[in-house]
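Colleague: Pasting a structure below so you can have a look.
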Amino acid sequence: MAVGIFDSGLGGLTVLDAVARRLPQVPFVYFGDNAHAPYGVRTADDIFALTCAATERLWSEGCDLVILACNTASAAALRRMQETWLPKDKRVLGVFVPLIEALTERQWGDNSPPREVAVKHVALFATPATVASRAFQRELAFRAIGVDVEAQPCGGVVDAIEQGDEILAEALVRSHVEALKRRMPAPEAAILGCTHYPLMEHVFQEALGPEVRVYSQARLVAESLADYLVRRPEFLGPGTASKFLTTGDPASVSNKATQFLRRKIVFEKA
Ligand code: DGL
Numbered sequence: 003m004a005v006g007i008f009d010s011g012l013g014g015l016t017v018l019d020a021v022a023r024r025l026p027q028v029p030f031v032y033f034g035d036n037a038h039a040p041y042g043v044r045t046a047d048d049i050f051a052l053t054c055a056a057t058e059r060l061w062s063e064g065c066d067l068v069i070l071a072c073n074t075a076s077a078a079a080l081r082r083m084q085e086t087w088l089p090k091d092k093r094v095l096g097v098f099v100p101l102i103e104a105l106t107e108r109q110w111g112d113n114s115p116p117r118e119v120a121v122k123h124v125a126l127f128a129t130p131a132t133v134a135s136r137a138f139q140r141e142l143a144f145r146a147i148g149v150d151v152e153a154q155p156c157g158g159v160v161d162a163i164e165q166g167d168e169i170l171a172e173a174l175v176r177s178h179v180e181a182l183k184r185r186m187p188a189p190e191a192a193i194l195g196c197t198h199y200p201l202m203e204h205v206f207q208e209a210l211g212p213e214v215r216v217y218s219q220a221r222l223v224a225e226s227l228a229d230y231l232v233r234r235p236e237f238l239g240p241g242t243a244s245k246f247l248t249t250g251d252p253a254s255v256s257n258k259a260t261q262f263l264r265r266k267i268v269f270e271k272a
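Remember, the numbering used here sits 2 above the position in the sequence shown when you count from 1.
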């Protein structure tokens with residue numbers, strides 16, 4: 003009954019941590035494509051090919067349902083996977099929709115026309131590929147009207163986090179927040195639209211100020227997955243073991259992952 007969790011690297015561990023806490027009885031197989039991270043500067047075709055390869059690897063671990071715990075893959079590849087590639091007995095879900103449902107105060111499956119919502123000025127922090135895809139604005143427009151979204155492509159942050167360089171990551175976050183605030187001085191809400199960014203959430207919050215509500219995906223995705231599995235238990239795959247797979251160097255990825263989650267994580271070669 004395993005479920006697969008995919009990310010280009012370490013960021014999806016923030017989602018893995020939240021889903022494993024929320025669903026302790028479910029084995030999770032994590033796949034980090036560290037050898038090819040960051041995805042945020044790659045082309046959509048490249049992201050599609052890498053994400054499909056990783057998803058197939060997770061199927062081979064008995065995970066019929068794979069969560070793309072990567073906004074870049076969710077934005078650049080998910081729709082194409084669902085429309086052109088996915089067999090009927092498998093599911094791939096992204097991390098955008100739960101976030102947008104929370105922001106627009108909607109329940110799952112509420113397909114009523116877009117309506118006015120409380121927040122009007124939203125700052126979006128994401129990778130260059132996610133920002134370029136405009137997937138967030140597209141999904142939001144299905145559900146809400148009159149929301150002004152200012153997006154900041156946060157070049158360099160994923161790289162710095164993957165390299166374990168917290169000082170650089172923090173400096174980059176502060177400069178990206180300043181750049182966004184020059185264009186939108188008083189956002190009411192900020193979306194951390196990359197699963198690496200919760201590792202820097204305190205820096206985003208401090209740079210944005212206490213009056214800005216920061217939405218981070220991990221907990222929202224965990225709730226949404228729990229709800230999905232109640233409705234579609236047939237997508238709990240045949241896998242039985244939790245494990246961590248990486249295309250990178252298992253020893254160095256394990257060290258960084260242990261540092262991030264503050265518990266021992268051991269990766270194996272994918
Ligand atoms: N964690 C991925 C995301 O949510 C990082 C993308 C990247 O590798 O650039 O977008």
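Quick reminder that beta carbons are idealized off the backbone N, C-alpha and C, glycines included.
When you compare only the Cα positions, how much space is there between Glu168 and Ala209?
Modeller: 16 Å
Colleague: Taking only heavy atoms of ligand 1 into account, decide whether any of them is closer than 7 Å to the Cβ of Tyr41.
Modeller: yes
Colleague: For a test of your reading of the model: does the CB of Val160 fall under 7 Å from any non-hydrogen atom of ligand 1? Yes or no.
Modeller: The answer is yes for Val160.
Colleague: When DSSP labels each residue in this structure, what does Asp150 get in the three-state scheme?
Modeller: strand
Colleague: Mind listing, in chain order, the continuous beta strand (DSSP E) runs of no fewer than 3 residues lying wholly within the stretch 47–97?
Modeller: 67–70 and 93–95
Colleague: In terms of residue numbering, what span does the alpha helix (DSSP H) encompassing Phe138 cover?
Modeller: Ala137 to Ala143
Colleague: When the Cβ atoms of the stretch 104–123 are set against those of the stretch 34–49, are three or more pairs found closer than 8 Å?
Modeller: no
Colleague: Would DSSP call Val160 helix, strand or coil?
Modeller: helix
Colleague: Compute every distance between the C-beta of Asn36 and the non-hydrogen atoms of ligand 1, then say whether any falls below 7 Å.
Modeller: no
Colleague: Terminal residues of the continuous beta strand (DSSP E) containing Val124?
Modeller: His123 to Ala128
Colleague: Run the proximity test for Cys282: is its beta-carbon closer than 7 Å to any non-hydrogen atom belonging to ligand 1?
Modeller: Residue numbering for the chain in the displayed model covers 3 to 272; residue 282 lies beyond these limits and cannot be assessed.
Colleague: Taking the straight line between their C-alpha atoms, what separation do you get for Pro155 and Cys196?
Modeller: Each residue's Cα considered, the two are about 10 Å apart.
Colleague: Measuring CB to CB, does Lys122 end up less than 8 Å from Glu190?
Modeller: yes
Colleague: On the DSSP bridge assignment, give the partners of Leu194 in chain order.
Modeller: Phe127
Colleague: Mapping the DSSP letters down to three states, classify Glu118 as helix, strand or coil.
Modeller: In the displayed model, Glu118 falls within a strand according to three-state DSSP.
Colleague: Looking only at its chain, what residues have a beta carbon closer than 6 Å to the beta carbon of Val133, apart from the 5 residues adjacent to it on each side?
Modeller: Ala153 and Pro155
Colleague: Would you say the beta carbon of Cys54 is closer than 7 Å to some non-hydrogen atom of ligand 3?
Modeller: Among the ligands in the structure shown, ligand 3 does not appear; only ligand 1 can be found there.
Colleague: Would you kindly work out how many angstroms separate the C-alpha atoms of Lys258 and Glu164, rounded to a whole number?
Modeller: 8 Å
Colleague: Just to confirm, are Ala71 and Phe50 a CB contact at a threshold of 8 Å?
Modeller: no
Colleague: Quick one, which of Phe269, Ala22 and Phe237 has its alpha-carbon nearest Asp251's?
Modeller: Phe269
Colleague: Take Gln84 as the anchor and find which of Asp112, Asn73, Phe237 and Cys54 has the nearest alpha-carbon.
Modeller: Cys54
Colleague: Taking Val268 as part of the beta strand (DSSP E), name the residues at either end of that continuous run.
Modeller: Note, Val268: premise wrong, no beta strand (DSSP E); not H, not E.
Colleague: Residues in its own chain within less than 6 Å of Val223 by CB, not counting five upstream and five downstream?
Modeller: Val17, Val97 and Pro100
Colleague: So who's on the other strand from Phe8, going by DSSP bridges?
Modeller: Phe33 and Leu70
Colleague: For my contact list, Arg59 and Arg108 are in at a C-beta cut-off of 8 Å; report their separation, rounded to the angstrom.
Modeller: Not really, about 33 Å apart at Cβ, beyond 8 Å.
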